[in-house]
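Okay, structure first, notes after.
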Amino acid sequence: FTTYAYYNTDKFGFYGREFMENAMAFRSFLDAGVNVAAGSDFYPGPFAALMGIQGMVTRTGWNGETWGANQRITPAEALRINTFNGAYAAREERIKGSITPGKLADFVVMADDLTTIAPEKIKDIQIVRTVTGGEAMYQA
Numbered sequence: 289f290t291t292y293a294y295y296n297t298d299k300f301g302f303y304g305r306e307f308m309e310n311a312m313a314f315r316s317f318l319d320a321g322v323n324v325a326a327g328s329d330f331y332p333g334p335f336a337a338l339m340g341i342q343g344m345v346t347r348t349g350w351n352g353e354t355w356g357a358n359q360r361i362t363p364a365e366a367l368r369i370n371t372f373n374g375a376y377a378a379r380e381e382r383i384k385g386s387i388t389p390g391k392l393a394d395f396v397v398m399a400d401d402l403t404t405i406a407p408e409k410i411k412d413i414q415i416v417r418t419v420t421g422g423e424a425m426y427q428a
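In the numbering used here, each residue's number is its place in the sequence shown (first place is 1) plus 288.
So this is what it looks like as structure tokens:
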């Protein structure tokens, strides 16, 4: 949903400011010990995992409008939510969700480190390689 919020800040009036300030409360969930997961397959927005991660970190839309700044999380937390925690939510943490011997080799190689790049540039990180099941599926 964070990609939807990034691209559709004009819809905030429909949902209401209070709702948007408290929607996708990743910081609150993490602070409460919830093993929260996220993904990039939400139809009303682009299927862009890095955009979703940027939204979780900055809580800012394309127009610069911030929503729920108190729910910002770190890039490392967002990465875990989108990888290991997603696998955990699907009860597949034993076979995927981290780069560990014996697990499926599903991962991407990025041109930049999303934990050190400026948060507002996360969505622009180039994917240079995609590996699925140990086989390179994409190479830039």
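We put the CB at the ideal spot given by N, CA and C, even for glycine. Bear in mind that the values here come from a model prediction, so they are computed numbers and not experimental data.
For residue i and residue j, I'd like the C-alpha separation in whole angstroms.
| i | j | result |
| --- | --- | --- |
| F307 | E423 | 43 Å |
| I413 | A320 | 31 Å |
| V419 | N373 | 20 Å |
| A311 | G356 | 8 Å |
| V397 | K409 | 16 Å |
| K411 | K299 | 21 Å |
| T291 | V416 | 21 Å |
| T346 | G301 | 20 Å |
| D400 | R315 | 24 Å |
| Y295 | E381 | 31 Å |
| Q350 | K384 | It is Trp, not Gln, that sits at residue 350 in the sequence shown. Between W350 and K384, the C-alpha separation is close to 32 Å. |
| S386 | T348 | 28 Å |
| L367 | G390 | 21 Å |
| A428 | T388 | 24 Å |
| Y303 | T354 | 15 Å |
| T404 | E365 | 13 Å |
| R305 | A293 | 12 Å |
| A378 | V322 | 15 Å |
Just checking my contact of residue i with residue j at CB under 8 Å: how many whole Å lie between their CB atoms?
| i | j | result |
| --- | --- | --- |
| G352 | D394 | In fact, because the Cβ distance is near 34 Å, the residues do not count as touching under 8 Å. |
| Q236 | P407 | With the chain represented from 289 up to 428, any question about residue 236 goes unanswered, as that position is not in the structure. |
| Y376 | A325 | 7 Å |
| P363 | L338 | Contact doesn't hold; Cβ gap of about 10 Å is too wide. |
| I361 | L318 | 6 Å |
Taking DSSP as the reference, what is the three-state secondary structure of residue i?
| i | result |
| --- | --- |
| F395 | strand |
| I415 | strand |
| E423 | strand |
| T404 | coil |
| T346 | helix |
| T290 | helix |
| T297 | helix |
Got a sec: is the Cβ-Cβ distance from residue i to anything in chain C below 9 Å?
| i | result |
| --- | --- |
| A393 | No chain C is present in this structure, which holds just one protein chain. |
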